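Inspection log for the structure reproduced underneath, given as structure tokens.
In the UniProt record's numbering, the protein residues as written are 1 to 270.
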């Protein structure tokens, strides 16, 4: 990592280069004070992403069979190529922007077939008054289920039409951006994956139960998980990292319960 630039991809859910963009730029400036960074923006308003049609083709057959031909595959490739990804969005009605939601929906197959286990993620929101925690929590769930190691998050206050911010708000915002950038850079330099948290371990077990029980009824998911070796008995997590034994025990119980429920439902429908 030290011998080459750190590759950072920013998925920008704002339609304008305004508050959220400026916050991301500040993170870039902080990183570049300490490291050489290969920085790229994906402005979601400028790429071709159509609305998901809810046809289930990506779930049933695989994402390569999606009838929509847009830039979703290119964006996934960019995330794979990055060392770290920043998911940045303004808060719209206590949620991510419509642009960001379309991006997430177009990659919903990754909830079933996670893949970004070595990429680090930073979550960034801007908000006028409130809602940043809700959005950060949502982005956190999305990124972690997709496999990312979420290493930093920052929700900052910014007014679009209410005039300049008071000095104490500016200080708070700068402190949050500094802390997030510092944690992000430390994780990017470390490179290795840390121990998964309870949420991550539970996501693995809860995802494995229906995938294994449905088998060929969910052919794309089953083939993906089986091909990765994730259905093997005793498997603790997607990748070979230490797992807290308590988390593993809790995940095993959750998986057992979910398997029983799936089997019952399958019996009921014949």
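A virtual CB, placed ideally from N, CA and C, is assigned to each residue, including glycine. This one's a predicted model, so the numbers in the text were calculated from it and none came from an experiment.
Between the Cα of residue i and the Cα atoms of the options, which residue gives the shortest distance?
i, options, result
"residue 57", "85, 33, 30, 107", "107"
"residue 37", "150, 177, 5", "5"
"residue 169", "180, 261, 178, 157", "157"
"residue 248", "233, 26, 198, 52", "198"
"residue 205", "44, 266, 232", "232"
"residue 83", "180, 135, 39", "39"
"residue 34", "262, 219, 188", "188"
"residue 149", "178, 179, 167, 117", "117"
"residue 141", "174, 220, 179, 200", "200"
"residue 23", "257, 235, 191, 180", "180"
May I ask you to list the residues that DSSP assigns as paired with residue i?
i, result
"residue 153", "123"
"residue 12", "43, 88"
"residue 7", "38"
"residue 95", "92"
Checking 8 angstroms against the spacing of the C-beta atoms, do residue i and residue j come in under that value?
i, j, result
"residue 230", "residue 238", "yes"
"residue 7", "residue 81", "yes"
"residue 99", "residue 13", "yes"
"residue 126", "residue 164", "no"
"residue 42", "residue 10", "yes"
"residue 147", "residue 115", "yes"
"residue 44", "residue 96", "no"
"residue 143", "residue 103", "no"
"residue 136", "residue 153", "yes"
"residue 241", "residue 193", "yes"
"residue 55", "residue 105", "no"
"residue 202", "residue 250", "yes"
"residue 159", "residue 131", "no"
"residue 172", "residue 109", "no"
Quick one: what's got a C-beta closer than 7 angstroms to residue i's C-beta in the same chain, skipping five residues either side?
i, result
"residue 133", "155"
"residue 71", "47, 48, 49"
"residue 263", "213"
Return the chain-ordered list of same chain residues with a C-beta closer than 6 angstroms to the C-beta of residue i, the five sequence neighbours on each side being excluded.
i, result
"residue 68", "50"
"residue 196", "237"
"residue 111", "145"
"residue 218", "none"
For residue i, which residues of its own chain have a beta-carbon under 8 angstroms away from its beta-carbon, when the five flanking residues on both sides are left out?
i, result
"residue 216", "222"
- [ ] Determine, using beta-carbon pairs with one atom in the segment 116–128 and one in the segment 174–188, whether at least three such pairs fall under 8 angstroms.
- [x] yes
Open item on the list: Under 8 angstroms: do the segment 226–235 and the segment 202–218 share three or more Cβ pairs, one atom per stretch?
Closed with: Contact holds: three or more Cβ-Cβ distances are below 8 angstroms.
- [ ] Would you check if there are 3 or more beta carbon pairs closer than 8 angstroms linking the segment 52–66 to the segment 23–31?
- [x] no
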